[in-house]
Every structure is written in structure tokens, then in C-alpha cells.
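All remarks here apply to the structure that follows.
Chains as they are written, first to last, in the numbering used here: chain E, 784 to 933; chain S, 6 to 258.
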């Protein structure tokens with residue numbers, strides 16, 4: 784756990800302004816931040832950041848979460864959508880669905896919900912459309928100038 | 006052209022030597038100008054309006070934090086460049102701007118490093134440094150998107166400059182008056198003996214914003230720059246790059 788934490792600290796140590804929601808504060812509504820977010824208190828509604836999110840041990844979140852990277856040590860009741868890395872520490876309690884690229888779970892963490900981790904497949908329809916376009920272009924190029932087929 | 010505004014407390018005899026020395030230094034540096042002594046009977050607004058019409062572009066406040074915060078609203082209104090020469094006690098704002106004493110201030114004025122900085126605006130009144138709200142059951146509506154509800158006995162500071170009680174270590178990105186953002190700093194009041202030994206950073210919340218509205222159950226006093234007192238409800242927003250001010254090399258932002 785410590786290894787992961789130190790890794791995460793390095794990621795969090797950027798020049799961006801960090802938002803800190805302390806243990807004595809409650810936030811309600813659609814919380815949107817551009818920089819890193821640290822939650823030690825209570826959040827309800829939705830929580831969205833383009834950067835990193837850290838949920839402290841005493842934190843309680845009743846919200847859907849969207850972030851680039853997240854480290855969760857507290858309680859989350861809601862769906863979590865993370866672009867890159869999601870780390871659940873041993874004290875984490877998650878009641879909701881998870882969607883992320885890379886997931887790491889420490890022993891002792893509790894997770895109740897659907898879990899979708901890994902790269903997404905390219906949609907089949909898009910592939911077929913691309914193939915049809917290239918085929919059409921090929922047949923156009925084969926036709927001669929006077930209209931007779933070869 | 007320079008216009009020097011002397012605070013009324015400088016009329017005291019003990020400051021006569023200080024003023025003579027400063028005026029000589031300013032003349033030596035070639036930045037002397039008109040001098041006006043402020044008094045409760047003089048209308049500063051009318052005075053500044055007339056002087057700006059006559060071509061004054063730089064106003065230098067000679068006094069302390071109180072003098073500077075009095076002039077902030079007018080400087081923002083008339084779009085002039087503001088300078089500071091600290092005199093007397095309570096000159097925290099001047100030291101944040103990189104002006105520690107009168108002699109340094111003269112050199113800073115001559116060097117003329119001009120920074121455009123943000124101002125806070127509370128119900129159409131500008132403030133430079135911070136705004137303090139003590140206690141009371143408050144709700145803070147941020148950007149019409151989310152609401153902050155402090156749970157216990159808290160001291161709430163709305164900061165443009167770094168508050169004196171916050172140590173700069175580890176919080177370098179906050180409290181920059183040039184970033185177009187202000188910060189809500191919520192710290193629990195130390196009512197408990199054991200809280201005296203807890204690190205304040207571990208308990209505090211810092212939330213950057215552009216516009217908020219503060220409401221409370223009863224009316225709670227709101228103090229701007231430690232001087233002017235207002236009452237809740239108040240609307241607070243940032244006025245980005247509103248003030249042109251002459252700063253020293255050792256400024257804290």
C-alpha cells in the first residue's frame with residue numbers, strides 16, 4: 784500500500800491548485816474542479832475533476848465520481864469513472880459501479896458493484912464502415928475513362 | 006505625475022523628521038510630486054477625481070494598511086497606478102507587496118515594477134487582502150453549482166493575498182493575486198485544548214473560486230481587510246487584474 788501511496792503522491796505533486804475539502808466541511812451539489820481534489824469531509828451530489836482525486840480515510844462521498852486518477856481510502860456510495868488509475872486502499876468502502884483503465888485493490892478493501900477495468904474495444908460498426916469506404920474507393924479507381932469495364 | 010496622499014496620523018510631530026527624510030529622498034530620485042494630507046473633513050473621492058483630470062497617473066499612499074485599504078476602492082475606480090510608502094505601525098500589506106520600509110519604498114517607486122493584480126469585490130466594495138467571517142451557521146453557494154456547509158465552529162477567510170497565519174511551506178500554489186482566483190480558507194476555531202497541538206493544515210479546507218454568495222441564519226459580521234464591517238448576506242467575486250500597483254523585488258507572490 785505504501786508503495787502505491789508514494790507513487791500517487793508524486794502524481795499529485797503538480798503545480799496545479801489543489802482543492803481541499805476538510806473533515807469539518809460538507810459539500811452539496813455538482814462539484815467541478817480543474818485541479819487536484821482532496822476530500823476529507825462529506826460530499827453529496829456529483830464530483831468531477833480533470834486531474835487527480837484523493838479520498839481520505841474519514842471521508843464520505845454520496846456522489847458519482849469522474850476523475851483522471853483516484854486514490855480512495857474512505858467510503859464512496861456512487862459510481863466511479865476514472866480515465867487512468869484507480870487505487871482502493873485497505874480502508875476503502877465502495878458501493879457502486881467502477882469503470883477504469885488500471886485498477887489496484889489492497890487487501891481489506893470492500894467493493895460492492897460492477898467492475899469494468901482495462902482498455903475499451905473499438906466499436907464493430909465503426910470498423911465495418913471504414914472497410915466499406917475503402918472498398919468503394921478501390922472500385923472507382925479501377926473504372927476506365929470510356930466507361931467500359933476491364 | 007505623482008500624487009502623494011499622507012494619512013492624517015502623520016500630522017503628529019514625531020513623524021516630521023521621517024517625512025522630511027522621505028521627501029528629500031523622493032526629490033533626489035526625481036519622483037517628487039503633489040502632496041495632500043488626508044483628514045476626515047476632506048472628500049478624497051472629489052480630490053482624486055480632480056487630480057486625475059489634471060493628469061495624475063500615479064497615486065502614492067503614505068501611511069499604513071488602513072490608509073491603503075481606504076484608497077483601494079478609489080484607485081480601482083479611477084484606473085490609476087498605486088504605490089505605497091509604509092509609515093507607522095501595521096504595514097503587513099506593504100511587506101506582502103515587497104516594500105518593507107520607507108527607504109526601500111522610495112527605491113521601489115523609482116524602479117517602477119508595475120503588476121496588475123486581482124481585487125476581491127464584496128457587494129460592490131473592493132478589498133485587497135482578505136475577508137473574515139467568524140462563526141454563525143453559514144452556507145456558501147459557489148458558482149451556482151455547489152454549496153459548502155461548514156459543520157462546526159469555524160473561521161472563514163476569503164483570501165486574495167496569503168493570510169499571515171498560513172505558513173508558505175507546501176502551499177505555494179494558493180493565495181496568488183495574479184491567478185484570477187480567490188480561495189475560501191475554512192479553519193476550525195480552537196475551542197478544545199487538544200486542538201492547540203493539531204496541525205491547522207490537517208483540519209483546514211481550501212477551495213478556489215471566482216464567485217460565491219454567503220448566507221447565514223442571523224446576520225453575521227463580515228470584515229474586509231480587517232477594517233470595514235459588513236453583514237451577511239454578501240456576494241463575493243474576483244475582479245481579475247483590476248489594480249495596477251508598484252511592487253518590490255521581494256514581493257510575496
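Ideal placement from N, C-alpha and C gives every residue a C-beta, glycine not left out.
- [ ] Starting from residue 146(S), follow the beta strand (DSSP E) in both directions and report where the run begins and ends.
- [x] Position 141 of the second chain, counting from 1, holds the residue named residue 146(S). Here the beta strand (DSSP E) through residue 146(S) covers 143–147.
- [ ] Pull up the distance between the alpha-carbon of residue 252(S) and that of residue 101(S), whole angstroms please.
- [x] The sequence position of residue 252(S) within the second chain is 247, counting from 1. The sequence position of residue 101(S) within the second chain is 96, counting from 1. Cα to Cα, the separation comes out at about 9 Å.
Open item on the list: Helix, strand or coil, according to DSSP, for residue 790(E) in the structure here?
Closed with: Your numbering for residue 790(E) matches position 7 in the first chain. The pLDDT assigned to residue 790(E) is 42, lower than 50, so where the model puts this residue is not dependable; a value taken from the coordinates is nonetheless given after this. DSSP places residue 790(E) in helix when its eight states are reduced to three.
Open item on the list: What does the alpha-carbon distance come out to for the pair residue 899(E) and residue 863(E)?
Closed with: Translated into the one-based positions of the first chain, residue 899(E) becomes position 116. Translated into the one-based positions of the first chain, residue 863(E) becomes position 80. Rounded to the nearest angstrom, the two C-alpha atoms are 10 Å apart.
Open item on the list: With a threshold of 8 Å between beta carbons, is residue 258(S) in contact with chain E?
Closed with: Within the second chain, the letter at position 253 stands for residue 258(S). It does not: the Cβ of residue 258(S) has no partner Cβ on chain E nearer than 8 Å.
Task: Coil, strand or helix - residue 835(E) by DSSP - done: Stepping through the first chain from its first residue, residue 835(E) is reached at position 52. Residue state, collapsed to three classes: strand.
Open item on the list: On the CB-based measure, 16 or more other CB atoms within 10 Å of its CB, does residue 15(S) come out buried or exposed?
Closed with: On the second chain, residue 15(S) is found 10 positions in, with the first residue counted as 1. With 16 or more Cβ atoms within 10 Å of its Cβ, residue 15(S) is classed as buried.
Task: Residue of 22(S), 42(S), 34(S) minimising C-alpha distance to residue 8(S) - done: On the second chain, position 3 is the one that residue 8(S) refers to. When only C-alpha atoms are compared, the closest one is 42(S).
Task: Straight-line gap, residue 104(S) to residue 113(S) (C-alpha atoms, nearest Å) - done: Counting from one through the second chain, the residue named residue 104(S) turns up at place 99. Counting from one through the second chain, the residue named residue 113(S) turns up at place 108. Straight-line Cα distance between these residues: approximately 7 Å.
TODO: Measure how close the beta-carbons of residue 222(S) and residue 142(S) come, nearest whole angstrom, since I'm counting them as under 8 Å.
DONE: The residue labelled residue 222(S) in the question sits at position 217 within the second chain. The residue labelled residue 142(S) in the question sits at position 137 within the second chain. Indeed, because the Cβ distance is near 5 Å, the residues count as touching under 8 Å.
Open item on the list: Residues of the region 141–162 of chain S in Cβ contact with chain E at a cutoff of 7 Å, in chain order, please.
Closed with: 150, 151, 152, 153, 154, 155, 156, 157, 159
- [ ] Pull up the distance between the alpha-carbon of residue 918(E) and that of residue 183(S), whole angstroms please.
- [x] Locating residue 918(E) in the first chain gives position 135, where the first residue counts as 1. Locating residue 183(S) in the second chain gives position 178, where the first residue counts as 1. C-alpha separation (whole angstroms): 57 Å.
TODO: Report the rounded CA-to-CA distance for residue 17(S) versus residue 88(S), giving the unit in angstroms.
DONE: As a first step, residue 17(S) is located in the second chain; it is residue number 12 there, counting from the start. As a first step, residue 88(S) is located in the second chain; it is residue number 83 there, counting from the start. Their Cα atoms are separated by approximately 22 Å.
Task: C-beta neighbour in chain S for residue 833(E), strict 8 Å - done: Within the first chain, residue 833(E) is the residue found at index 50, counting from 1. When Cβ-Cβ separations below 8 Å define contact, residue 833(E) makes no contact with chain S.
Open item on the list: Residues of chain E with CB closer than 9 Å to the CB of residue 208(S), please, in chain order.
Closed with: As a position in the second chain, residue 208(S) is number 203, starting the count at 1. Per Cβ cutoff of 9 Å: 805, 806, 807, 823.
Open item on the list: Any beta carbon from chain E within less than 8 Å of residue 241(S)'s own beta carbon?
Closed with: Mapped onto the second chain, residue 241(S) falls at position 236. No - not a single Cβ of chain E is within 8 Å of the one on residue 241(S).
Task: Length of the line joining the Cα atoms of residue 111(S) and residue 83(S) - done: Working through the second chain from its first residue, we reach residue 111(S) at position 106. Working through the second chain from its first residue, we reach residue 83(S) at position 78. Cα-Cα distance, rounded: 23 Å.
- [ ] Identify every residue that forms a DSSP beta bridge with residue 151(S).
- [x] As a working mapping, residue 151(S) is identified with position 146 in the second chain. The partner list for residue 151(S) (beta bridge, DSSP) reads 812(E), 147(S).
- [ ] Please list the segments of the alpha helix (DSSP H) lying wholly inside the region 61–128 of chain S, counting only runs of 4 or more residues, in order along the chain.
- [x] 70–83, 97–101, 107–116
Open item on the list: Looking at chain E, is there any beta carbon in it that lies within less than 8 Å of the beta carbon of residue 211(S)?
Closed with: As a working mapping, residue 211(S) is identified with position 206 in the second chain. Closer than 8 Å: yes.
- [ ] Can you check DSSP and say which residues form a bridge with residue 847(E)?
- [x] As a working note, residue 847(E) is residue 64 in the first chain. 829(E), per the DSSP bridge assignment.
Open item on the list: Quick check on this structure: which residue in 123(S), 115(S), 12(S) has the alpha carbon closest to the alpha carbon of residue 249(S)?
Closed with: Numbered from its first residue, the second chain carries residue 249(S) at position 244. Checked all of 123(S), 115(S), 12(S); the closest Cα to residue 249(S) is 123(S).
- [ ] Give the DSSP-derived three-state secondary structure of residue 241(S) in the structure shown.
- [x] Looking up residue 241(S) in the second chain gives position 236. In this structure, residue 241(S) counts as strand in the three-state DSSP scheme.
Task: Separation of residue 219(S) from residue 235(S), as counted between CA atoms - done: For the purposes of this step, residue 235(S) is identified with residue 230 of the second chain, where counting begins at 1. For the purposes of this step, residue 219(S) is identified with residue 214 of the second chain, where counting begins at 1. Straight-line Cα distance between these residues: approximately 12 Å.
TODO: Spatial neighbours of residue 788(E) within its chain, please: CB distance less than 6 Å, with the 5 preceding and 5 following residues excluded, ordered by chain position.
DONE: Taking the first residue of the first chain as 1, we reach residue 788(E) at position 5. Low confidence applies here, because residue 788(E) scores a pLDDT of 49, under 50, leaving its location unreliable; read the following figure in that light. No residues qualify anywhere along the chain.
TODO: Give the DSSP-derived three-state secondary structure of residue 192(S) in the structure shown.
DONE: Residue numbering aside, residue 192(S) sits at position 187 when the second chain is read from its first letter. In the structure shown, residue 192(S) sits in a strand (DSSP, three-state: E or B).
- [ ] State the Cα-Cα distance for the pair residue 232(S) and residue 23(S), rounded to the nearest angstrom.
- [x] As a first step, residue 232(S) is located in the second chain; it is residue number 227 there, counting from the start. As a first step, residue 23(S) is located in the second chain; it is residue number 18 there, counting from the start. Straight-line Cα distance between these residues: approximately 26 Å.
Task: Separation of residue 36(S) from residue 21(S), as counted between CA atoms - done: Walking along the second chain from the start, residue 21(S) turns up at place 16. Walking along the second chain from the start, residue 36(S) turns up at place 31. In a straight line, the C-alpha of residue 21(S) is about 20 Å away from that of residue 36(S).
- [ ] Determine the contact status of residue 826(E) and residue 836(E), defining contact as a CB-CB distance below 8 Å.
- [x] Sequence index remark: in the first chain, residue 826(E) carries index 43 (1-based). Sequence index remark: in the first chain, residue 836(E) carries index 53 (1-based). Cβ atoms of residue 826(E) and residue 836(E): not closer than 8 Å.
- [ ] With DSSP collapsed to three states, give me the class of residue 930(E).
- [x] Position 147 of the first chain, counted from the first residue, corresponds to residue 930(E). Model confidence at residue 930(E) stands at a pLDDT of 49, short of 50, so the residue's coordinates are unreliable and nothing is read from them.
Task: Beta-carbon neighbours of residue 138(S), restricted to chain E and to distances below 9 Å - done: Residue 138(S) sits at position 133 when you count from the first residue of the second chain. Those within 9 Å of residue 138(S) in chain E number zero; the least Cβ separation is about 14 Å.
- [ ] Determine the extent of the alpha helix (DSSP H) in which residue 864(E) is found, giving its start and end residues.
- [x] Residue 864(E) sits at position 81 when you count from the first residue of the first chain. Careful: residue 864(E) lies outside any alpha helix (DSSP H), inside the beta strand (DSSP E) at 863–865.
Open item on the list: 8 Å is my cut-off, CB to CB: does residue 937(E) come that close to chain S?
Closed with: Lying before the first or after the last residue shown, residue 937(E) is absent from chain E, which here runs from 784 to 933.
Open item on the list: Does any residue of chain E have a CB that is nearer than 8 Å to the CB of residue 191(S)?
Closed with: Position 186 of the second chain, counted from the start, is the residue given in the question as residue 191(S). Output row for residue 191(S): interface = yes.
Open item on the list: Per the DSSP calculation, residue 875(E) is bridged to which residue(s)?
Closed with: If you number the first chain from 1, residue 875(E) lands on position 92. Beta-bridge pairing links residue 875(E) to no other residue.
Open item on the list: Which residues in chain S have a C-beta closer than 9 Å to the C-beta of residue 845(E)? List them in chain order.
Closed with: In the first chain, the residue the question calls residue 845(E) occupies position 62. Close to residue 845(E), with beta-carbon spacing below 9 Å, lies no residue of chain S; the smallest spacing is near 13 Å.
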